[in-house]
Structure formats: C-alpha cells, structure tokens
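What follows is one structure encoded as structure tokens, with my remarks underneath.
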Amino acid sequence: MSLCAALLHDLGHGPFSHSIEQVFDTDHEAWTCRFLLEDTEVNRVLRTISDDFPEQVASVICKTYAKPIVVSLVSSQMDADRMDYLLRDAYFTGVNYGTFDLDRILRVLRPYRGRIVIKESGMHAVEDYLMSRYQMYWQVYFHPVTRSSEIILRQIFRRAKELYVGRYPFRMMMRPFESLLRGTLDIDDYFRLDEAMVQTIFMEWASEEDEILSDLCHRFLHRRLYKYITVTQPDEARWAAIRDELRLAGLHPDYHLEIDFPYDLSYDVYRPGTGEGEEKPPILMLDPHDQLAEISGKSDIVTSITGLHKGKYHLYFPEELLREKARMLSNETKALFGIH
C-alpha cells in the first residue's frame, strides 16, 4: 500500500501543474484521489488486490490513513517524494549540489512509537539532505529565470481566463482546456489535458488578435522572458504610482509588471515543530538511550537554515516594451528599470 501511494501520489498533477493550480484553484491531490476512486484503469488494477484497496491507497495520499507512520513515508519533511525529486531534478539540471547520500539515510531510518525517526548517528546524512534542498531551492527552483518563466505562464492562464469570461473568440480552443476555463473539468478531459496540448494551443494563441495573450505566448514559447531588477520591499504608494505611469504609457501593468518574492511554503527547506497536528511533522533524532530530539536542536547547520527567508524582491518587466515607451516615462522610472 505504501509503495502504491508513493508511486501514484502525483498522478493528479496536470500540465504545468503548479501554475494551473494557482490560477484555476485546482488541487492535484484531490484529482489523484478521484483517479484512484472513480472508474479508471488505475482503480480497476488496484481492486485486483482487494475491493477496498483503492480507498486505502487514497487515504494515505489524503493523509487520513489510521497509521501516521505510513502517511509519513509519502508526505513528511523527509518523504520518498522529496528525496526522489531532489535527486532527479539535480540530475536533469546538471547541478551537483542537489545530491546527498540516499543509501545512508535509508539505513538510519527507524520506526519508533508509530513514527519514522533517524538514528542520531545518521544526523550528518540528514544535514546533507537539507543543505541539498536549500541549495536547489535558491539555485534552481527560485532562480530568477525560473521564476520569470513561471510568471509568464501564470499570466497566460490568467489572460485566457479573463478573455474567456468576456466571450473572446479564440482562434483555437480544445475541449479539455475549455472545460478548465469554464470550471467544469471532468476526469476524462483531465486525462486528455497534457503539456503537448497546452503548448499546441499556445502556438496558435501566439497569433491571436489580443496583443497581450499573443505577446505572452510568444515569450513563453521562444524564451523571451521578462527581465528583472532587485528592489527593496516595495512601497505601496510608489508601486501604485509606477503602475499608473505604465498604464498611461499604454502598457498593461497587470501583465507587464510583477513583484515576486521567491518564498513558498511548498518549497520550505525545513520547519521544526512539535509534530502534534502538523501536516509535516519535524525530523526527529533517536539517541542511543531511546530519547528523541528535534534535529534543529542537535544540528547547528539545520538551525542556521531553518526558517531562513533570504529571498529578495524581484521586479519583472518586458524590457523592450518599456524601452519603446521610454519617452513617456519619468526619469525616475527609467532609472529604476535601467532604461536610458
């Protein structure tokens, strides 16, 4: 059951899943459970084990299974998912700092009083794992180029949703994507909705009459990403004034300007706590005397990165469009964006 839950827990991720979830308020875990529980091929295969096996696997993924130790294997601060994608992403991005000693960690895992703990002798392997997470987040997942791509992708979905509500006549629309825009996505359409379909739609939308949607699709498909500058925590009055100035210059600040602070709890390196009622229990070390201690109380390295929000505010913008409008912008605004 644990193996099935680990292998199937991300089944509900759609194309560009995190961006779609933010714009359309979908939940990939809820979709995963639907795939397991409704009349699907996966459901039928699981039922060859027992009639209630799909429900058992779904309860692990939805964190309602009666034994927390099983849930923690799939969803915790050191679960199979995190260790898998960290090593996989490090490999496919070609970086070295996302690696850690997985074999050593597996050797020091222990079941203890209904939970998974780490032998104290394995603390350095866990430190290495957490430092690998830290480095991957700030060097890969939160890299400004990565964030710029994600911003443009979200804006495409936002613009398409806005146009659809306004009954805009799209050049091309496929039923699964229209169901997503309409909020009536069923399980069959969700199965059909993949990245190949979405990118095909983007290729057509790059020729749309709507200039904003066309421009955003061109940018995403051809990696003409937004430039960025690092700013201090934005002053709301100054921010509003810049938006007004860009609007008067003929730009669309809702789509041509975005302040991003790269910190997200879903990408938290590590959060200590008591573990009582928490979605992600803390990592606990077991000493030779069978005493438990939360790892940040034992490790200076973990203490130094715990809760460390070192993210900078980045202001993203289409540099070439601002240059075209430079004569309509104030000297102060041009200086801010580095436009001369």
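Position one of the sequence shown corresponds to residue 943 (the numbering used here), numbered consecutively onward.
Glycine is no exception: its CB is placed at the ideal position from the N, C-alpha and C atoms.
Bear in mind that the values here come from a model prediction, so they are computed numbers and not experimental data.
Close beta carbons around residue i, own chain, < 7 angstroms, minus the five adjacent residues each side
i, result
"R1046", "G1064, A1067"
"A1268", "K1276, I1281"
"P1284", "In the structure displayed, the chain extends from 943 to 1282; residue 1284 sits before or after that span and is not available."
"S1208", "Since pLDDT at S1208 reaches only 46, below the 50 mark, its modelled position is unreliable, and the value read off the structure follows with that caveat. Here the set comprises nothing."
"I962", "G956, T968, F1099"
"T1216", "Its pLDDT being 47, under 50, T1216 is placed unreliably by the model, and nothing is read from it."
"L1051", "I1058, I1060"
"L1163", "F1144, M1145, A1148"
Chain-order list of residues whose beta-carbon lies under 8 angstroms from that of residue i (same chain, five-residue window excluded)
i, result
"K1103", "V965, F966, L1123"
"D1128", "S1121"
"T1088", "V1082"
"M1078", "L1028, D1031, A1032, V1037, Y1039, G1040"
"L1105", "F1112, D1152, L1155"
Residues of its chain near residue i, where Cβ-Cβ distance is below 6 angstroms and the 5 sequence neighbours each way are ignored
i, result
"Y1197", "Q1097, I1154"
Length of the line joining the Cα atoms of residue i and residue j
i, j, result
"R1100", "L978", "30 angstroms"
"R1166", "Y1071", "34 angstroms"
"Y1170", "H1085", "11 angstroms"
"M1116", "E1146", "11 angstroms"
"G1219", "I1093", "Any answer about G1219 is weak, because its pLDDT of 49 lies below 50 and its placement is not dependable; what the coordinates show is given next. Approximately 33 angstroms between the Cα atoms of the pair."
"D994", "G954", "20 angstroms"
"S992", "S1001", "15 angstroms"
"M1139", "A1148", "14 angstroms"
"L1199", "R1049", "49 angstroms"
"D1130", "P1010", "32 angstroms"
"P1223", "L1257", "35 angstroms"
"L1015", "V999", "13 angstroms"
Opposing strand residues paired with residue i [DSSP bridges]
i, result
"R1057", "Y1054"
"T1172", "H1256"
"D1202", "H1256"
* Inter-stretch contact at 8 angstroms, needing at least 3 Cβ pairs: the region 955-962 / the region 1133-1149 -> Because the criterion of three Cβ pairs below 8 angstroms is met, the region 955-962 and the region 1133-1149 touch.
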